[in-house]
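Numbering (my numbering), first residue to last: 43 to 374.
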């Protein structure tokens with residue numbers, strides 16, 4: 043696998059950054075996030091890499107890792123990428139790559155640089171306006187360092203529905219046997235639950251499969267409360283990795299997903315992602331006009347490629363310039 047960034051220094055804290063192909067959305071649903079997390083953690087154990095932090099953003103991934111060598115990290119990234127994309131493509135009916143084969147890695151030596159990298163990772167969702175405080179975002183997994191059910195009510199099996207009890211038993215069985223829950227089964231489990239129980243199951247899956255070594259990252263601060271306070275007081279920085287920048291809030295992706303899934307369900311989302319270019323452009327206009335999303339965000343959500351957008355006359359007049367610029371098209 044190709045790599046970008048600096049050579050990994052053995053024993054240092056490696057900050058890994060991986061983007062999606064064409065900037066497309068990676069995670070549309072809670073099942074997408076959980077599928078990735080289970081695969082990621084299962085393979086981290088297999089490759090004996092130590093994960094100190096993980097943050098899943100809509101179109102890219104950050105994690106903090108310690109390993110014996112760069113080759114171990116490269117093999118780990120390659121294997122989880124292949125496994126996740128295989129499951130993802132099967133679910134959505136896609137073909138080809140989703141995650142870039144190249145990844146950025148920056149070695150952090152010294153406690154100050156390590157703390158800066160930790161703060162940067164956990165503050166990604168804050169910077170993208172997904173939450174006010176770092177511990178409020180489920181998919182950076184920080185809150186699980188302090189609670190086994192930070193985003194749901196405490197799970198009491200005797201009071202749970204039959205569907206949730208079956209799901210819990212199955213997740214335990216798969217985890218103990220070193221396997222992940224396949225996507226079809228994951229979908230089936232969640233489809234039978236209420237919103238309350240979906241959150242309980244998500245928290246259970248995360249804490250059951252988690253490979254994140256919180257105690258190590260907390261040790262750089264002294265305690266969990268001190269760690270959270272420090273992170274919320276300092277966004278951190280990363281000068282050694284070339285990360286794409288855009289000024290827009292990622293809440294736009296939540297609005298788009300809620301609109302599609304809320305009106306047409308998850309099957310409707312799949313249908314939209316496979317619809318014609320003309321249909322997607324029509325939806326793109328409605329996203330821009332009704333949801334106040336940036337054109338480039340709608341492009342990423344709908345998986346539109348630059349070549350089909352070169353005729354900017356197809357785009358709403360108020361957004362022509364932005365879409366053409368983002369997609370590499372020529373304005374007319």
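We put the CB at the ideal spot given by N, CA and C, even for glycine.
Beta bridge counterpart(s) of residue i as assigned by DSSP
i, result
"residue 61", "102"
"residue 235", "In DSSP, residue 235 forms no bridge with anything."
"residue 254", "93"
Residue interval of the beta strand (DSSP E) (run including residue i)
i, result
"residue 307", "Run containing residue 307: none in the beta strand (DSSP E); it sits in the alpha helix (DSSP H), 293–315."
Collapsed DSSP secondary structure at residue i in the structure displayed
i, result
"residue 350", "Bear in mind that the predicted position of residue 350 carries a pLDDT of just 46, short of 50, making it unreliable; the figure below should be weighed with that in mind. Residue 350 falls in the helix class under three-state DSSP."
"residue 97", "strand"
"residue 168", "helix"
"residue 219", "coil"
"residue 55", "strand"
"residue 107", "strand"
"residue 174", "coil"
"residue 85", "helix"
"residue 140", "coil"
"residue 320", "helix"
"residue 337", "helix"
"residue 198", "coil"
"residue 193", "coil"
"residue 290", "coil"
"residue 152", "coil"
"residue 227", "helix"
"residue 345", "coil"
"residue 75", "helix"
"residue 162", "helix"
"residue 261", "helix"
"residue 376", "Here the chain has residues from 43 to 374 only, and residue 376 is not among them."
Best match in the options for proximity to residue i [C-alpha to C-alpha]
i, options, result
"residue 111", "237, 73, 90", "90"
"residue 103", "58, 207, 113, 339", "58"
"residue 81", "120, 201, 51", "120"
"residue 164", "187, 127, 152", "187"
"residue 159", "176, 55, 317", "55"
"residue 290", "166, 150, 321, 313", "166"
"residue 93", "118, 70, 330, 177", "118"
"residue 84", "308, 254, 149", "254"
"residue 77", "169, 206, 252", "252"
"residue 240", "205, 52, 273", "205"
"residue 137", "144, 143, 127, 145", "127"
"residue 73", "181, 107, 202", "181"
"residue 407", "151, 169, 99, 60", "This structure leaves residue 407 out entirely; the chain is present only between 43 and 374."
"residue 100", "113, 140, 125", "140"
"residue 203", "330, 326, 236", "236"
"residue 177", "50, 275, 149", "275"
"residue 151", "125, 106, 174, 142", "106"
"residue 311", "338, 336, 345", "345"
Start and end residues, alpha helix (DSSP H) containing residue i
i, result
"residue 68", "Neither: residue 68 is in no alpha helix (DSSP H) and is coded neither H nor E."
"residue 118", "112–134"
"residue 182", "Run containing residue 182: none; DSSP gives neither H nor E here."
"residue 270", "266–275"
Would you check if the segment 51–64 and the segment 229–240 touch, i.e. whether three or more CB-CB distances between them fall below 8 Å?
no
Does the pairing of the segment 187–203 with the segment 243–252 give three or more beta-carbon distances under 8 Å?
yes
Report yes or no: do three or more beta-carbon pairs, one from the segment 286–303 and one from the segment 258–268, lie closer than 8 Å?
no
Are the segment 214–226 and the segment 127–135 touching by the rule of at least three beta carbon pairs closer than 8 Å?
yes
If contact is defined by three or more beta carbon pairs under 8 Å, each pair taking one atom from either stretch, is the segment 266–277 in contact with the segment 168–187?
yes
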